[in-house]
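Beneath this line is the structure, given in structure tokens, with notes to follow.
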Amino acid sequence: MPLPNGVSPTGEIQSICPSAGWLGNRGTLHDANGAIVRPWQRKAWVTCLLSYKGRNRKPLMQPGRYTELFFLDEATALAAGHRPCGECRREDYNHFKRAWVLGNKRTNDTTIADIDLAMHAERTSAMDDHSRMHELGSLPPGVLVVWAERPHLWRGNLLLKWSPKGYVAVASGWLMTSNVRLITPPSVAHALGAGYVARLHESARQFG
128 MPLPNGVSPT GEIQSICPSA GWLGNRGTLH DANGAIVRPW QRKAWVTCLL SYKGRNRKPL
188 MQPGRYTELF FLDEATALAA GHRPCGECRR EDYNHFKRAW VLGNKRTNDT TIADIDLAMH
248 AERTSAMDDH SRMHELGSLP PGVLVVWAER PHLWRGNLLL KWSPKGYVAV ASGWLMTSNV
308 RLITPPSVAH ALGAGYVARL HESARQFG
């Protein structure tokens with residue numbers, strides 16, 4: 128069943144999420160009428176399980192509560208700048224934090240607040256920054272990139288076209304040396320390169 132507040136790989140909140148695999152939280156973004164009035168409220172953007180310990184989130188977007196956001200999969204959530212939640216996804220949270228510290232060559236005393244600040248700076252920087260341009264073959268599996276003006280998932284050997292309902296086609300015409308624009312925040316891409324594995328929507332499996 129479609130849910131509201133689908134999030135695109137670039138972090139934009141859309142009216143619906145046709146295929147929701149994950150829940151997200153950026154704070155309270157809606158007003159008393161249920162209209163989205165701000166893109167974020169806090170700098171810690173997290174990705175949660177759709178269901179955890181029987182907690183009832185219905186109705187959605189209750190007054191004064193956080194705004195429920197929804198993602199196709201974890202690769203999409205990471206691209207949008209959301210990290211694993213430390214409560215409902217503790218194991219993933221620990222894996223991500225270790226990989227982020229390792230991939231970004233930070234010291235072991237780096238806190239999750241430090242990571243949130245770094246990711247927030249990346250989320251609010253210009254997407255057309257030249258530093259976002261990379262050779263496709265230099266990027267780790269699990270990142271999302273712009274190819275042919277559309278978001279695509281890079282799997283290391285395949286480039287899959289993203290849609291709100293799932294991955295719909297294998298892209299053609301690319302080379303390992305093709306220049307692409309990285310959507311996933313660079314520090315998150317480094318975490319993926321250091322061993323964190325993003326969970327993908329089931330549609331990605333049909334392409335091998």
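Using my numbering, you'd call the opening residue of the sequence shown number 128 and step up by one each time. Don't be surprised by glycine CBs; every beta carbon is placed ideally from N, CA and C.
What residues in its chain sit with their C-beta under 8 Å from that of Leu319, if we drop five residues either side in the sequence? Leu205, Ala226, Gly230, Pro267, Pro268, Gly269, Val270, Thr311 and Ala325
Check whether the segment 292-311 and the segment 198-215 touch, using three or more Cβ-Cβ pairs below 8 Å as the test. yes
Buried or exposed (CB count within 10 angstroms, at least 16 for buried), Ile140: buried
Buried or exposed, going by whether 16 or more other CB atoms sit within 10 Å of the CB of Ser265? exposed
Tell me the DSSP bridge mates of Gln189? For Gln189, which the question treats as bridged, DSSP gives no partner whatsoever.
Could you give the residue range of the beta strand (DSSP E) that holds Lys288? Leu286 to Ser290
Is the beta carbon of Leu130 less than 8 Å from the beta carbon of Cys144? yes
Contacts around Ala245, its chain only, beta-carbon distance under 7 Å, and the 5 residues preceding and following it disregarded: Ser314
Buried or exposed by the 16-neighbour rule on C-beta atoms within 10 Å, applied to Lys232: exposed
Residues sharing a beta bridge with Glu262, DSSP: Asn306
What separation, rounded to the nearest whole angstrom, lies between the Cα atoms of Lys170 and Leu196? 15 Å
With DSSP as the reference, identify every bridge partner of Leu296, one or two as the case may be. Looking at the sequence provided, one finds Ala at residue 296 rather than Leu. Answer by DSSP bridge pairing, in chain order: Lys288.
So the candidates are Glu329, Arg332 and Ala316; which of them puts its Cα closest to the Cα of Phe223? Ala316
What residues in its chain sit with their C-beta under 6 Å from that of Ala321, if we drop five residues either side in the sequence? Ala226, Leu229 and Gly230
Proximity of Tyr179 and Cys215 at Cβ, strictly below 8 Å: yes
By the three-class DSSP mapping on this structure, what secondary structure does Asn152 have? strand
Assuming Gln168 contacts Arg184 under a Cβ cut-off of 8 Å, what Cβ separation, rounded to an integer in Å, is found between them? Between Arg184 and Gln168 the Cβ distance is about 17 Å, and since that is not below 8 Å, they are no contact.
How long is the line joining the alpha carbons of Pro151 and Asp243, rounded to whole angstroms? One detail in the question is off: residue 151 reads as Gly in this sequence, not Pro. Each residue's Cα considered, the two are about 15 Å apart.
Can you name, in chain order, every residue of its own chain whose Cβ lies under 7 Å from the Cβ of Trp274, other than the five neighbours on each side? Leu286, Ala298, Trp301 and Val307
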